[in-house]
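Inspection log for the structure reproduced underneath, given as structure tokens.
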Amino acid sequence: MILQLAASPADLMAARMQMALSLGWHIIVACLGVGMPAVTLLAEWRGHRTGDVHYRLLARRWARALGVLFAVGAVSGTILSFEMGLLWPGLMGVYGELIGLPFSLEGIAFFIEAIFLGVYLYAWDRLPPRAHLLSGLPIVLAGVASAFFVVSANAWMQRPSGFAVEGGRVVDARPWEAMFNPATPALTVHMILAAFMVSGFLMASVYAVAMLRGRRDRYHRLGLLLPLSVAAIVTPVQIGVGDWAAHRVAANQPVKLAAMEGVFTTARAVPLHLGGIAVDGELKYALEIPYGLSLLAHWNPNAKIIGLDETPPADWPPVNIVHWAFQIMVGLGLALLLLSIWLALAWRRRRDLPRSRWFLRGTAASGVAAVAALEAGWVVTEVGRQPWIAFGVLRTAQAVNPVPGLVYGFALVTAVYVVLTVATVYVLRRLARDVPVPVAPQEPDVTGFKVV
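The numbering used here puts the last residue of the sequence shown at 627; the count rises by one with no breaks.
Pasting the structure below:
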């Protein structure tokens, strides 16, 4: 190995837990930063096209929330950038020249997003309607670009490429090849679509709760329908992309696939497992769909699936965690697909939302479900790579900072995120309960509209 570092098991676990907390928190806000601007622009465009004040009101309110989320996302993103260097010097010190390129490009995209978000937020009615709408497009493009660059760096950790090693040092570094490694296409597309799903379902869930409480006016109906329609369109596409991503895992990380499905022995015609617990080298209590895994992984019911028995036990990821995270992700994804189909069928028949309160209950729960599916998917991606921080190249234990006391840093960062969470929720709730838009002379079209 290139670098040998030693840290206590407690400090290693603290570093991993701190990174998990930071990533798990930031990814929710980052997803809203990718998908929410597009939904906001769609509402503004519909408002200009139809003249409906409800669309313009929704766009203005969502823009205010977007400003808050961008600010807290900048804080959590800054924490992550420091953590990469402070917690994992074995990775950044050796391979930083490879994965530094996408992080640098992400910084450029972030500044573009910040500049145009400022224009968008403070130029209501100071710009012509079309110019203001166009000023929001760079926000959407920069948000998608940021997601692509960051996830491409993570994809390199799944499938390291673009370098050679001589004498314990990286030579012949090819950063562009590293960024566009074989894992990049599937992972980046999967993440960007997940961002639109999370944004759409979360935004719709807020209005579903309000409608369950009796607020059935047009404002709340559109507030539910618009983001939910975006999420409903993306969901079946995401399931197809997820299948593509699983095929890439089967080709590039067979040990991760084996952990995802609890396959301990290499075999052909392997069934798909639903549920089950890994005990003593065997997956017990699972329901089996004959030939299912071989068919899904290789489009061949008799295809060979490599089991964990072909990998040394020291290189196994924690099977139960990865397996159940994968089960949760797939199960919730299918539930969201059913909700999307329900909406599509009702709209096709009556051009209206389903009238059942169960639909509103399902939509109200869909935001939490989408976030849970997102987090479960990242558990599969990250924990399924263990014990490697760069798969097959560098172990996590060798990359961690050897300085003692990382447990105290984890405690401090946890406290920071508790404060950040409370503050974010408080501000967003105040925005939801406040007047729809700030009272200002340049906003005469909506300030007189009362939201009940």
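Backbone N, C-alpha and C fix where the C-beta goes; we use that ideal spot for every residue, glycine too.
Does DSSP classify residue 345 as helix, strand or coil? strand
Give me the Cα-Cα distance between residue 408 and residue 187, rounded to the nearest whole angstrom. 42 Å
For residue 627 and residue 390, I'd like the C-alpha separation in whole angstroms. Any reading at residue 627 must be qualified, since the residue scores a pLDDT of 40, below 50, and its modelled position is unreliable; the value itself is stated next. Roughly 7 Å between the two C-alpha positions.
Boundaries (first-last residue) of the alpha helix (DSSP H) holding residue 249: 228-262
Which first and last residues belong to the alpha helix (DSSP H) in which residue 474 is found? Taken as a continuous stretch (DSSP letters only), residue 474 belongs to no alpha helix (DSSP H), as it is neither H nor E.
Minimum length 4: unbroken alpha helix (DSSP H) runs contained in the stretch 468-542: 494-525
Among the candidates 232, 192, 238 and 196, whose CA atom is the shortest distance from the CA of residue 211? 238
Which one of 529, 325 and 455 has the shortest CA to CA distance from residue 517? 529
What residue from 468, 217 and 339 has the CA that sits closest to residue 400's CA? 217
Three-state class that DSSP yields for residue 317 in the structure shown: helix
Residue 364 by DSSP, collapsed to three states: which one? helix
According to DSSP, what are the bridge partners of residue 563? 570
Who are the Cβ neighbours of residue 441 in its own chain at under 8 Å, not counting the five residues just before and after it? 479, 480, 481, 482, 484 and 485
Own chain, CB closer than 7 Å to residue 366, minus 5 neighbours either side, in chain order: 322 and 326
Other residues of its chain near residue 432: CB distance less than 8 Å, five sequence neighbours each side excluded: 421, 424, 425, 438, 472, 480 and 481
Quick check on residue 191: does DSSP put it in helix, strand or coil? helix
CB of residue 559 within 8 Å of CB of residue 435, strictly: yes
Determine the extent of the beta strand (DSSP E) in which residue 412 is found, giving its start and end residues. Element bounds for residue 412: not the beta strand (DSSP E) but the alpha helix (DSSP H), 393-427.
Distance between residue 241 and residue 261 (C-alpha atoms, nearest Å): 30 Å
Bounding residues of the beta strand (DSSP E) (the contiguous stretch that carries residue 453): 452-454
For residue 305, which three-state DSSP category applies? helix
Quick check on residue 596: buried or exposed, where buried means 16 or more other Cβ atoms within 10 Å of its Cβ? exposed
Three-state secondary structure (DSSP) of residue 461: coil
Cβ separation of residue 353 and residue 346, assumed to be a contact under 8 Å, to the nearest whole Å: Contact doesn't hold; Cβ gap of about 14 Å is too wide.
When DSSP labels each residue in this structure, what does residue 605 get in the three-state scheme? helix
Is the CB-CB distance between residue 450 and residue 462 below 8 Å? yes
So does residue 600 have its beta carbon nearer than 7 Å to some heavy atom of the ligand MN? Looking at this structure, you won't find the ligand MN or any other ligand, since it has none at all.
Just checking, does the stretch 245-256 make contact with the stretch 543-557 on the three C-beta pairs under 8 Å criterion? no
Neighbourhood of residue 185 by C-beta distance below 7 Å, restricted to the same chain and skipping five residues each side: 582
Are the CB atoms of residue 405 and residue 319 nearer to each other than 8 Å? no
Please classify residue 373: is it buried, with 16 or more other beta-carbons within 10 angstroms of its beta-carbon, or exposed? buried
Report back the beta-carbon spacing between residue 330 and residue 362 to the nearest angstrom; my notes put them in contact at under 8 Å. 5 Å
Candidates 519, 251 and 192: which alpha carbon is nearest residue 205's? 251
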